[in-house]
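Chemist: So that we are looking at the same thing, I have put the structure below in structure tokens.
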Amino acid sequence: MNNQGYSSLRKNAIGLKENMFQGVAGSAPAGAAVATLTGAAAYALGSLPLAAFIAFLVVFLNAFIISRLSTRIAGAGGYYYYVRSGLGSRPARFTGFLYMFYQVMALAFISLSVGVFVPAVLGSVFGIAIPGYLMYVLIIAVLASGFLISYSGVKESTRYTMYMAIAEMAIVAGMGIVILAMRPSINTASVFTPKFAYGGLSGVGIGVLLMYTAFSGFGASTPLGEESREAERTISKSVLFTVIVLGAFFVFTSYYFTVAWGPANMASYASPDNLAPGITMIRSYLGTGAAILITVLFINSLLTGTVVVTNSTSRVMMAMSRDGIIHGAFSGVSHRKTPHISAAFISAMAAAIAIISAAVMGGFGAFIMTATAATLGVLLVHALINVSLPASDIRLHRYPYGSITISVVSIAVLGFIFYSTFMSISTPVIVGSAAFAIFSAAVLIHSIRNPAGGSGIEASVES
Numbered sequence: 003m004n005n006q007g008y009s010s011l012r013k014n015a016i017g018l019k020e021n022m023f024q025g026v027a028g029s030a031p032a033g034a035a036v037a038t039l040t041g042a043a044a045y046a047l048g049s050l051p052l053a054a055f056i057a058f059l060v061v062f063l064n065a066f067i068i069s070r071l072s073t074r075i076a077g078a079g080g081y082y083y084y085v086r087s088g089l090g091s092r093p094a095r096f097t098g099f100l101y102m103f104y105q106v107m108a109l110a111f112i113s114l115s116v117g118v119f120v121p122a123v124l125g126s127v128f129g130i131a132i133p134g135y136l137m138y139v140l141i142i143a144v145l146a147s148g149f150l151i152s153y154s155g156v157k158e159s160t161r162y163t164m165y166m167a168i169a170e171m172a173i174v175a176g177m178g179i180v181i182l183a184m185r186p187s188i189n190t191a192s193v194f195t196p197k198f199a200y201g202g203l204s205g206v207g208i209g210v211l212l213m214y215t216a217f218s219g220f221g222a223s224t225p226l227g228e229e230s231r232e233a234e235r236t237i238s239k240s241v242l243f244t245v246i247v248l249g250a251f252f253v254f255t256s257y258y259f260t261v262a263w264g265p266a267n268m269a270s271y272a273s274p275d276n277l278a279p280g281i282t283m284i285r286s287y288l289g290t291g292a293a294i295l296i297t298v299l300f301i302n303s304l305l306t307g308t309v310v311v312t313n314s315t316s317r318v319m320m321a322m323s324r325d326g327i328i329h330g331a332f333s334g335v336s337h338r339k340t341p342h343i344s345a346a347f348i349s350a351m352a353a354a355i356a357i358i359s360a361a362v363m364g365g366f367g368a369f370i371m372t373a374t375a376a377t378l379g380v381l382l383v384h385a386l387i388n389v390s391l392p393a394s395d396i397r398l399h400r401y402p403y404g405s406i407t408i409s410v411v412s413i414a415v416l417g418f419i420f421y422s423t424f425m426s427i428s429t430p431v432i433v434g435s436a437a438f439a440i441f442s443a444a445v446l447i448h449s450i451r452n453p454a455g456g457s458g459i460e461a462s463v464e465s
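In our numbering, the protein residues as written are 3 to 465.
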């Protein structure tokens, strides 16, 4: 094991409240409400709130598994440590590399979300002409800002993301309360039935699959175990808290966006001609000032997401470096007790992927490509985590019958989501899928051929 340049992160730096909001902020709630809901609305239509509620139940099942594992092991490795506790070092090596892959793709995706949609919103909603090169400037600015806030320290960066997540959710939800109070006649429980969905239940089902991506950051607190007080208890609670808060937020926002737009008119909400329907709807009810505010929240939400992803990914990368799986330099920690070398590397990689793919495929094509690659990586890693729970039970000489049942159901759902990713085949989807397949095959071969990594300096495991 090569631990040259190793120094510890800041112990007991953050507590339950900071951890609780990392997964919330990592899912970029305001950004998801404005953007991600639109994809789900294309199929669920006026039954979007029903799709959001079912998606919450599906994600909660995965969160329960991660919460169980978190009570047994905590450290900077996050999912990498969880898989190692159940399946061993080689599957953990594969998981760690795949985690870094999809997180870098997610960073590229977030920066492209700003670079592609902000100029579009400024043009379509506010009539402001934006030069094409601004997309590349925004990509670099978003990733650089995420790195600098992450570099400031775990306490500073997690409190920043916590306050920003609370503010954006409060304002977006507050707008909904005002709209519903202004127009109480638009309230209806019919949106929680399949009545309006494209094809009925099948449309709701596809909406659930697309809503799953809105929750994608719910496990962001797991690599913060080394820096958290009472880590096992704190991380376990924070994961469940995150999903409950996100579930309530997404169900409510999908409800008021739907009834305010009109359940029978949701086909136009998800139309390609409507680049920012949520912002358009807010403007029509609350005026231009509110539309500007939610646009700012959209941008800030995505920026906050980059901080969370940079924090979590850099710590997993550092943990793998400590175990001798990747170069020892990546275990380096700055005077602010942050893994700055790992953070700089993943930010630079995300910038390169975003800029090059945008130059080749166009901004929107790159957006779809990185989203596809990241989603496939997320699903496979979560499937490995779910298998790890019963395997961990067996290692600890416990009866795994309940965990096997939960894991089988969860993996079946994830498999269906994986399959459904290919509902709409296009060049960006093919490129993203190919990138995922090639990378996965390469790291699988590497993981099989190479000896297992170290034991993990800062992991704590229940005996």
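Backbone N, C-alpha and C define an ideal beta-carbon position, used for all residues, glycine too.
The structure displayed is predicted, hence computed values, not measured ones.
Among Ile-16, Leu-63, Gly-280, Ser-344, which residue has its Cα nearest to the Cα of Asn-388?
Modeler: For the purposes of this step, residue 388 is identified with residue 386 of the sequence shown, where counting begins at 1. Among Ile-16, Leu-63, Gly-280, Ser-344, the Cα nearest to that of Asn-388 is on Leu-63.
Chemist: Return the CA-CA distance between Gly-17 and Ala-169, expressed in angstroms with no decimal places.
Modeler: Within the sequence shown, residue 17 is the residue found at index 15, counting from 1. Within the sequence shown, residue 169 is the residue found at index 167, counting from 1. Going by the C-alpha atoms only, they are around 20 Å apart.
Chemist: Which term fits Ser-465, buried or exposed, when burial requires 16 or more other beta carbons within 10 angstroms of its beta carbon?
Modeler: Along the sequence shown, one-based indexing puts residue 465 at 463. Caution applies to Ser-465, whose pLDDT of 34 falls short of 50 and renders its modelled position unreliable; the model cannot decide the point.
Chemist: List the endpoints of the continuous alpha helix (DSSP H) containing Arg-12.
Modeler: As a position in the sequence shown, residue 12 is number 10, starting the count at 1. Neither: Arg-12 is in no alpha helix (DSSP H) and is coded neither H nor E.
Chemist: By the three-class DSSP mapping on this structure, what secondary structure does Gly-334 have?
Modeler: Indexing the sequence shown from 1 puts residue 334 at position 332. DSSP places Gly-334 in strand when its eight states are reduced to three.
Chemist: With DSSP as the reference, please indicate the residues paired to Ser-230 in a beta bridge.
Modeler: As a position in the sequence shown, residue 230 is number 228, starting the count at 1. According to DSSP, which records beta bridges pairwise, Ser-230 is partnered with Ile-16.
Chemist: Check whether the stretch 106-122 and the stretch 355-374 are in contact - that is, three or more C-beta pairs closer than 8 Å.
Modeler: yes
Chemist: Is Tyr-451 helix, strand or coil by DSSP?
Modeler: Taking the first residue of the sequence shown as position 1, residue 451 is located at position 449. The sequence shown places Arg at residue 451, not Tyr. Here Arg-451 sits in helix by DSSP.
Chemist: Is Ala-54 closer than 9 Å to Val-180 when the C-beta atoms are compared?
Modeler: Looking up residue 180 in the sequence shown gives position 178. Looking up residue 54 in the sequence shown gives position 52. By the CB criterion at 9 Å, Val-180 and Ala-54 fall outside the cutoff.
Chemist: Which of the three DSSP states is assigned to Lys-339 in this structure?
Modeler: By 1-based counting over the sequence shown, the position of residue 339 is 337. Three-state result, Lys-339: coil.
Chemist: Suppose contacts are defined by Cβ-Cβ distances below 9 Å. Is Val-120 in contact with Ile-237 by that definition?
Modeler: Counting from one through the sequence shown, the residue named residue 120 turns up at place 118. Counting from one through the sequence shown, the residue named residue 237 turns up at place 235. It is not a contact, given that the beta carbons lie outside the stated cut-off.
Chemist: Apart from the five residues just before and just after Ala-414, which ones in its own chain have a Cβ nearer than 6 Å to its Cβ?
Modeler: As a working mapping, residue 414 is identified with position 412 in the sequence shown. Cβ neighbours of Ala-414 beyond the five flanking positions: none.
Chemist: Can you give me the start and stop residues for the alpha helix (DSSP H) that Asn-313 sits inside?
Modeler: Within the sequence shown, the letter at position 311 stands for residue 313. Run containing Asn-313: 290-324, per the alpha helix (DSSP H) assignment.
Chemist: Here's a check: name, in chain order, each residue in its chain whose Cβ is nearer than 6 Å to the Cβ of Phe-243, leaving out the five neighbours to either side.
Modeler: Translated into the one-based positions of the sequence shown, residue 243 becomes position 241. Once the five neighbours on either side are set aside, the close Cβ partners of Phe-243 are Met-22.
Chemist: Would you mind reading off the limits of the alpha helix (DSSP H) that contains Pro-392?
Modeler: Position 390 of the sequence shown holds residue 392. Counting along the chain, the alpha helix (DSSP H) containing Pro-392 begins and ends at 365-397.
Chemist: Inspect the beta-carbon positions of Ala-30 and Ile-173 and report whether they are closer than 9 Å.
Modeler: The residue you call residue 30 lines up with position 28 of the sequence shown. The residue you call residue 173 lines up with position 171 of the sequence shown. Not closer than 9 Å, so no.
Chemist: Taking only three categories from DSSP, how would you classify Thr-195?
Modeler: As a working mapping, residue 195 is identified with position 193 in the sequence shown. In the structure shown, Thr-195 sits in coil (DSSP, three-state: anything other than H, G, I, E or B).
Chemist: Near Val-309, what residues of its chain come up, given a Cβ to Cβ distance below 6 Å and the 5 sequence neighbours on each side ignored?
Modeler: By 1-based counting over the sequence shown, the position of residue 309 is 307. Cβ-Cβ distances below 6 Å link Val-309 to Gly-148, Ile-151, Ser-152, Ser-159, Thr-163 in the same chain, with the five nearest sequence neighbours on each side left out; the list follows chain order.
Chemist: Excluding five sequence neighbours on each side, which residues of the same chain lie with their C-beta closer than 8 Å to the C-beta of Val-106?
Modeler: Start at 1 with the first residue of the sequence shown, and residue 106 comes out as number 104. Here the set comprises Thr-315, Ile-348, Met-351, Ala-352, Ile-355.
Chemist: By the 10 Å Cβ neighbour count, where 16 or more other Cβ atoms means buried, how is Arg-451 classified, buried or exposed?
Modeler: As a working note, residue 451 is residue 449 in the sequence shown. Exposed: under 16 other Cβ atoms inside 10 Å.
Chemist: How about Ala-27 and Ala-216: do their beta carbons lie closer than 9 Å?
Modeler: One-based indexing of the sequence shown puts residue 27 at position 25. One-based indexing of the sequence shown puts residue 216 at position 214. Cβ atoms of Ala-27 and Ala-216: not closer than 9 Å.
Chemist: Apart from the five residues on each side of it in sequence, which residues of its chain come closer than 6 Å, Cβ to Cβ, to Ile-208?
Modeler: The sequence position of residue 208 within the sequence shown is 206, counting from 1. Taken in chain order, the residues that qualify are Tyr-45.
Chemist: By alpha-carbon positions, which one of Gly-77, Gly-41, Ala-65, Arg-70 ends up nearest to Lys-13?
Modeler: Here residue 13 refers to the residue found at position 11 of the sequence shown. Of Gly-77, Gly-41, Ala-65, Arg-70, the smallest CA-CA separation from Lys-13 is found for Gly-77.
Chemist: Taking one C-beta from the stretch 378-395 and one from the stretch 86-96 each time, how about it: are there three or more such pairs within less than 8 Å?
Modeler: yes
Chemist: Using 10 angstroms around the beta-carbon of Pro-186, count the other beta-carbons present and answer buried if the total reaches 16, otherwise exposed.
Modeler: The residue labelled residue 186 in the question sits at position 184 within the sequence shown. Per the 10 Å Cβ criterion, exposed.
Chemist: For Ala-346, collect the residues of the same chain with a Cβ closer than 8 Å to its Cβ; drop the 5 residues on either side in sequence, then sort them by chain order.
Modeler: In the sequence shown, counting from the first residue as 1, residue 346 sits at position 344. Excluding residues within five positions, the ones whose Cβ falls inside 8 Å are Phe-149.
Chemist: Find the nearest neighbour of Ser-428 within the set Leu-446, Thr-377, Ile-370, Phe-418, judged by alpha-carbon distance.
Modeler: Position 426 of the sequence shown holds residue 428. Nearest C-alpha to Ser-428: Ile-370.
Chemist: List the whole-angstrom C-beta distance separating Pro-265 from Phe-332, where the pair is believed to meet the contact cut-off of C-beta under 8 Å.
Modeler: Against the sequence shown, residue 265 aligns to sequence position 263. Against the sequence shown, residue 332 aligns to sequence position 330. That pair is no contact at about 50 Å.
Chemist: Alpha helix (DSSP H) containing Val-36: first to last residue?
Modeler: Along the sequence shown, read from residue 1 onward, the residue named residue 36 stands at position 34. For Val-36, there is no enclosing alpha helix (DSSP H), as DSSP marks it with neither H nor E.
Chemist: Quick one: any contact between the stretch 126-142 and the stretch 396-406, if contact means 3 or more CB pairs under 8 Å?
Modeler: no
Chemist: If you draw a straight line from the C-alpha of Leu-381 to the C-alpha of Val-123, how long is it?
Modeler: Position 379 of the sequence shown, counted from the first residue, corresponds to residue 381. Position 121 of the sequence shown, counted from the first residue, corresponds to residue 123. Rounded to the nearest angstrom, the two C-alpha atoms are 30 Å apart.
Chemist: With 16 as the cutoff for other CB atoms within 10 Å, does Met-184 come out buried or exposed?
Modeler: Looking up residue 184 in the sequence shown gives position 182. It counts as exposed.
Chemist: Go ahead and pull the three-state DSSP assignment for Met-3.
Modeler: Numbered from 1 along the sequence shown, position 1 holds the residue referred to as residue 3. Low local confidence applies: a pLDDT of 40 at Met-3 is under 50, so the model's placement there is unreliable, with the coordinate-based value given in what follows. Coil at Met-3, not helix or strand.
Chemist: Pick from Gln-24, Lys-19, Ala-43: whose alpha carbon is nearest that of Pro-279?
Modeler: Stepping through the sequence shown from its first residue, residue 279 is reached at position 277. The residue with the shortest Cα to Cα distance from Pro-279 is Ala-43.
Chemist: Take Ile-357 and list the residues in its own chain whose beta-carbon comes closer than 7 Å to its own, dropping the five residues that flank it on each side.
Modeler: Counting from one through the sequence shown, the residue named residue 357 turns up at place 355. Sequence-distant partners of Ile-357 (beyond 5 residues in either direction) whose C-beta falls short of 7 Å from its own C-beta, in its chain, are Tyr-138, Ile-141.
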